[in-house]
Amino acid sequence: MPEELKEQEIIRRNSLKELIQLGIDPYPAEGFEVNATTAEILEKFPGDQSIYQDVSLAGRIMSRRIMGAASFAEIQDATGRMQFYIRRDDICPGEDKTLYNTVFKRLLDIGDIIGIKGFVFITHMGEITVHVREMKVLSKSLRPLPIVKEKDDQVFDAYTDPEQRYRQRYLDLIVNPQVRETFRKRTRLVDSMRNFLNDKGYLEVETPILQPLYGGAAARPFTTHHNSLDMTLYLRIADELYLKRLIVGGYDGVYEFSKDFRNEGMDRFHNPEFTQMELYVAYKDYQWMMDLVEEMVERIAMDIHDSPKVKVGDHVIDFKRPWKRYTMYEVIRKYTGEDISGMDEATLTALSRKLGIETDASMGKGKLIDAIFSETCEPNLIQPTFIMDYPVEMSPLAKKHRSQEGLVERFEAICNGKEICNAFSELNDPIDQRLRFEAQKELAKRGDEEYMVLDEDFLRALEFGMPPTAGLGIGIDRLAMIMTNSPSIQDVIFFPQMRPEHH
RNA sequence: GAUUCAGUAGCUCAGCAGGUAGAGCAACGGCCUUUUAAGCCGUGGGUCCCGGGUUCGAAUCCCGGCUGGAUCACCA
97 MPEELKEQEI IRRNSLKELI QLGIDPYPAE GFEVNATTAE ILEKFPGDQS
147 IYQDVSLAGR IMSRRIMGAA SFAEIQDATG RMQFYIRRDD ICPGEDKTLY
197 NTVFKRLLDI GDIIGIKGFV FITHMGEITV HVREMKVLSK SLRPLPIVKE
247 KDDQVFDAYT DPEQRYRQRY LDLIVNPQVR ETFRKRTRLV DSMRNFLNDK
297 GYLEVETPIL QPLYGGAAAR PFTTHHNSLD MTLYLRIADE LYLKRLIVGG
347 YDGVYEFSKD FRNEGMDRFH NPEFTQMELY VAYKDYQWMM DLVEEMVERI
397 AMDIHDSPKV KVGDHVIDFK RPWKRYTMYE VIRKYTGEDI SGMDEATLTA
447 LSRKLGIETD ASMGKGKLID AIFSETCEPN LIQPTFIMDY PVEMSPLAKK
497 HRSQEGLVER FEAICNGKEI CNAFSELNDP IDQRLRFEAQ KELAKRGDEE
547 YMVLDEDFLR ALEFGMPPTA GLGIGIDRLA MIMTNSPSIQ DVIFFPQMRP
597 EHH
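In this text, residue positions in the first sequence follow my numbering: the first is 97, and each later residue adds one.
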């Protein structure tokens, strides 16, 4: 339903009609040949003024200062923004001054997309500028852009309303250059990780997003329905169980960048769809995987920042290897003074209460320990730190610890007070795996809604034999938040989930 | 889901002891003949998020709702 047009929209639509009447196509079909970018010119021109005597640029008009027969304006392309100078008698060499007087001065607006050709020079004010000889309208904009002005490094009227920025990300991208940069860094992160994994020889694969059973994590799923099969399908919460089937199938290293979906609360660390990278490597264990994570994340930081040190909020996080390593019991002792290694469920419940942590009857030993850790330790772990050796109750897919009773070979990397990855020596004993699924059922009966469901085909695969395998899941959004110093997950997802707007 | 803050012009915001809405930028008109201008002068532009209520009178007070942010709960 089209809204009533506002004053400025009516004016722009009228300008559009006038352009057409003048024989100018406001949306021409043919391309416009570009031979430079603003960033290139601003970088190279001052050193070599013989170049760019015949440049062709395209982009959006971002500001205009009209002075009679000559004007200064700014054009913004994908790489940045620069000034151009446009003079009536240059673009209208004959008697007809319409292109300047009517088209440029009156019918064009901030936000319109144009192509310009001319030469680069430096003004008396010292600003690198394109002196325009030819101008072409490439796309007329019918809505006024939020105008952000800058003078002497001071920003005026910054476009900051988060609701509008997320709903109309295109505007955010047009107007806030740091946002374009954040998403470039996110892509660089993914590229860096993919290159790293490919260099190691692992195979990037794709597994189902629509799954008849959801598994591989403890979370509530989204449910959907397939019409011709007339069956319920779930959007995946993890790809773990499918990737392990591929290890059973004989690949020795597979990974997937996967969109996962969890039907849970949203806040600045959680979006209902998010991206993980999961990696499984045969004949390796979690100790080996820790080394790999350190190496990979350090390289990502280097690829993005040319340094292992990354500024995040008030902290500088240093990804240089080696990272600190603590066992779960060690780190809890470090921050609470309590040795929980021998505690049973009742004692842990009592300790939790003493530490001011709410408990309920559905919480088993694993959840209690996790709660103690999350409350007392995790927020204090700013520099990248590995926490190893988790209680078996909270890790139904991880292999029993080679020497510690009641523990599994699992680690998480914590950074800036948040988990960024989760990994284990994968459980490949099919009998034990079945018992673990059964134990999850018990938790379900006690009211834990996030129990893991038993996957009979996955067990069948394990029964054919899976090599000892190290597995990793790393949160791309979380890592992107750290690498781009973004306080909210919505700042590293182009289109974060929102309620529909209707007001 | 709970608590809390916010929603006024295209954008950023002011106005809130209740008296019929204001600034800067953007827009429109004028000035402006050749390297700076967030320039100068003038003009227009608003279901003050929506719906009720109190009142002679509500952007302002009260109640309900919508949307968003922050914190918490659940989780990665």
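Every residue, glycine too, gets a C-beta built ideally from N, C-alpha and C.
Discussion item. Closest to K430 by C-alpha separation, out of F469, R532, D268, T256, would be which residue?
Written reply: F469
Worksheet item: Among residues of its own chain, excluding the 5 on either side of N581, which ones have a beta-carbon nearer than 8 Å to its beta-carbon?
Response: V406, K407, V408, G409
Practice prompt. Measure the C-alpha to C-alpha separation of E114 and N272 and round it to an integer number of angstroms.
Written response: 31 Å
Item to complete: Could you check which residue in M178, V286, D205 has the C-alpha nearest to that of P122?
Response: D205
Worksheet item: Where DSSP assigns a beta bridge to P487, which residues make up the other side?
Response: L503
Worksheet item: Taking DSSP as the reference, what is the three-state secondary structure of G571?
Response: strand
Worksheet entry | CB of V199 within 9 Å of CB of G214, strictly | no
Worksheet item: What residues in its chain sit with their C-beta under 6 Å from that of T565, if we drop five residues either side in the sequence?
Response: I343, Y376, A378, E522
Discussion item. Quick check: what's the CA-CA separation for K495 versus I589?
Written reply: 34 Å
Fill in: DSSP bridge partner residues for V350 (one or two, in chain order)
L299, Y376
Worksheet item: Is DSSP giving V389 helix, strand or coil here?
Response: helix
Practice prompt. Check the DSSP bridge columns for K514 and list the partner residues they point to.
Written response: C511
Worksheet item: Taking the C-alpha atoms as reference points, what is the distance between T472 and I465?
Response: 11 Å
Item to complete: Please name the residue, chosen from A313, L555, R332, that lies closest to A519 on a Cα-to-Cα basis.
Response: A313
Worksheet item: Under three-state DSSP, which class holds A397?
Response: helix
Worksheet entry | Coil, strand or helix - L325 by DSSP | coil
Practice prompt. Would you tell me roughly how many angstroms separate the C-alpha atoms of P583 and Q274, rounded to the nearest one?
Written response: 14 Å
Item to complete: Compute the beta-carbon to beta-carbon distance between M231 and I210, rounded to the nearest angstrom, for a pair I have assumed lies under 8 Å.
Response: 6 Å
Worksheet item: Y647 and L293 look like a contact to me (Cβ under 8 Å); what is the Cβ gap, rounded to whole Å?
Response: With the chain represented from 97 up to 599, any question about residue 647 goes unanswered, as that position is not in the structure.
Practice prompt. Return the residue from the list Y298, I333, C517, L531 that minimises the CA-CA distance to D348.
Written response: Y298
Worksheet item: So, helix, strand or coil for L451, using DSSP?
Response: coil
Discussion item. On the DSSP bridge list, what partners appear for G155?
Written reply: I210
Item to complete: Mind the definition here: the segment 166-183 touches the segment 132-139 only if three or more C-beta pairs lie below 8 Å; say whether that holds.
Response: yes
Fill in: Cβ neighbour criterion (16 or more within 10 Å) applied to D326
exposed
Item to complete: Below 7 Å CB to CB, which residues in the same chain sit around R395 once its five sequence neighbours on both sides are set aside?
Response: S288, F292
Worksheet item: Should N323 go down as buried or exposed, given a rule of 16 or more other Cβ atoms within 10 Å for buried?
Response: exposed
Worksheet item: If you run the structure through DSSP and keep just helix, strand and coil, what is V244?
Response: coil
Worksheet entry | Segment contact, 8 Å Cβ cut-off, at least three pairs: the segment 408-423 with the segment 473-489 | yes
Worksheet entry | Three-state secondary structure assigned by DSSP to L203 | helix
Worksheet item: Looking only at C-alpha atoms, which of L234, L550, M385 sits nearest to A633?
Response: In the structure as shown, the chain starts at 97 and stops at 599, and residue 633 therefore has no counterpart that could be examined.
Practice prompt. Mind reading off the beta-carbon distance from P592 to Y262? Whole number of angstroms is fine, and I expect it under 8 Å.
Written response: 5 Å
Fill in: Stretch-stretch touch, CB-based, cutoff 8 Å, three pairs: the segment 353-367 with the segment 426-444
no
Practice prompt. Closer than 7 Å by C-beta to I381: which residues in its own chain qualify, once you throw out the five before and the five after it? Chain order, please.
Written response: The question names Ile, but residue 381 is Asp in the sequence shown. Correct list, in chain order: E505, S521, P564, A566.
Worksheet entry | Close-in-space but distant-in-sequence residues of the same chain around V412 (CB under 6 Å, 5 per side omitted) | K405
Fill in: Where the beta strand (DSSP E) through A334 begins and ends
No beta strand (DSSP E) contains A334, which DSSP labels as neither H nor E.
Worksheet item: With respect to the alpha helix (DSSP H) encompassing D173, which residues constitute its N-terminal and C-terminal limits?
Response: First-last for D173: 166-173, but that is the beta strand (DSSP E), not the alpha helix (DSSP H).
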